[in-house]
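J.: Would you mind keeping the following structure in view while I ask a few things?
In my numbering, the protein residues as written are 7 to 192.
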């Protein structure tokens with residue numbers, strides 16, 4: 007578990023660095039640009055591994071560690087799941103200090119237990135979208151076209167699309183991003 011926690015912290019740190027450089031570069035290219043301060047975390051609504059009866063959900067440390075870095079950097083985190091409502095949690099380990107800090111934060115605990123539905127999200131409000139892992143993601147995130155459209159819109163508005171999925175799921179919904187250079191050439 008110690009190696010997993012260290013890996014989660016490295017991933018969260020990298021996510022924070024990427025977002026910081028992204029916005030510094032964007033602001034440098036467009037001085038009138040106001041920075042967005044909200045990031046959308048995508049978590050699963052799926053609570054069972056197939057038809058095994060074994061519980062699953064999003065993996066707590068794959069939410070809590072990026073949350074800590076981004077929250078401390080001043081970002082507001084919102085949560086969305088395919089069905090909205092309470093997101094099932096897996097990998098529940100409160101011996102991990104970051105997990106405990108997240109789980110005991112009344113605001114964010116409420117948010118993850120009352121996630122938005124994709125239809126309730128305005129992608130224009132977000133600087134980035136982050137897909138959190140866990141076994142449940144294999145069932146309801148991979149082919150979710152509503153979430154893919156949100157990610158595409160955020161990306162096309164110079165936002166960041168990121169994920170920590172530990173090879174448990176491949177996001178297979180076709181998202182066609184138009185990649186351009188800073189000069190606007192394809």
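Beta carbons: idealized from backbone N, C-alpha and C, even for Gly.
Remember, it's a predicted structure, so these values are computed and weren't measured experimentally.
Compare the beta carbon distance of residue 127 and residue 76 with 9 Å and say whether it is the shorter of the two.
T.: No, they are not a contact pair.
J.: Determine the extent of the beta strand (DSSP E) in which residue 92 is found, giving its start and end residues.
T.: Premise fails: residue 92 is in no beta strand (DSSP E) and is neither H nor E.
J.: If you count every other CB in all the chains shown that lies within 10 Å of the CB of residue 97, and 16 or more means buried, which is it?
T.: Result: buried.
J.: How would you label residue 50, buried or exposed, when you count the other beta carbons within 10 angstroms and need 16 or more for buried?
T.: Under this definition residue 50 is a buried residue.
J.: Classify residue 116: buried if its beta carbon has 16 or more other beta carbons within 10 angstroms, exposed otherwise.
T.: When all chains shown are included, residue 116 counts as exposed.
J.: Return the Cβ separation of residue 104 and residue 60 in integer angstroms, given the expectation that the two are a contact with Cβ distance under 8 Å.
T.: With a Cβ gap of about 25 Å, residue 104 and residue 60 do not count as contacting.
J.: Compute the beta-carbon to beta-carbon distance between residue 137 and residue 48, rounded to the nearest angstrom, for a pair I have assumed lies under 8 Å.
T.: Confirmed, about 5 Å.
J.: Could you tell me how far apart the beta carbons of residue 94 and residue 130 are, in whole angstroms, since I believe they sit closer than 8 Å?
T.: Not confirmed; about 29 Å, so no contact.
J.: Once DSSP output is grouped into helix, strand and coil, what is the label at residue 193?
T.: A question about residue 193 goes unanswered here, because the residues of the chain that appear run from 7 up to 192.
J.: Got a sec, what are the start and stop residues for the beta strand (DSSP E) residue 170 sits in?
T.: That run of the beta strand (DSSP E) goes 166-170.
J.: Rounding to the nearest angstrom, what Cα-Cα distance links residue 80 and residue 43 in this structure?
T.: Going by the C-alpha atoms only, they are around 7 Å apart.
J.: Is it right to say residue 110 is buried, meaning 16 or more other beta carbons lie within 10 angstroms of its own, or is it exposed?
T.: Answer is exposed; the Cβ neighbour count stays below 16.
J.: Here's a check: name, in chain order, each residue in its chain whose Cβ is nearer than 7 Å to the Cβ of residue 146, leaving out the five neighbours to either side.
T.: If we look at residue 146 and ignore the five residues flanking it on each side, its Cβ neighbours are 50, 51, 52, 88.
J.: Only counting the same chain, and skipping five residues up and downstream in sequence, which positions put a Cβ closer than 8 Å to that of residue 107?
T.: Here the set comprises 70, 74.
J.: Do you know whose CA, among 63, 153, 149, 167, lies nearest residue 86's CA?
T.: Ranking the options by Cα distance to residue 86, first place goes to 153.
J.: Please classify residue 120: is it buried, with 16 or more other beta-carbons within 10 angstroms of its beta-carbon, or exposed?
T.: By the 10 Å Cβ count, residue 120 comes out exposed.
J.: Using the rule of at least 16 other Cβ atoms within 10 Å of the residue's Cβ for burial, across every protein chain shown, is residue 91 buried or exposed?
T.: By the 10 Å Cβ count, residue 91 comes out exposed.
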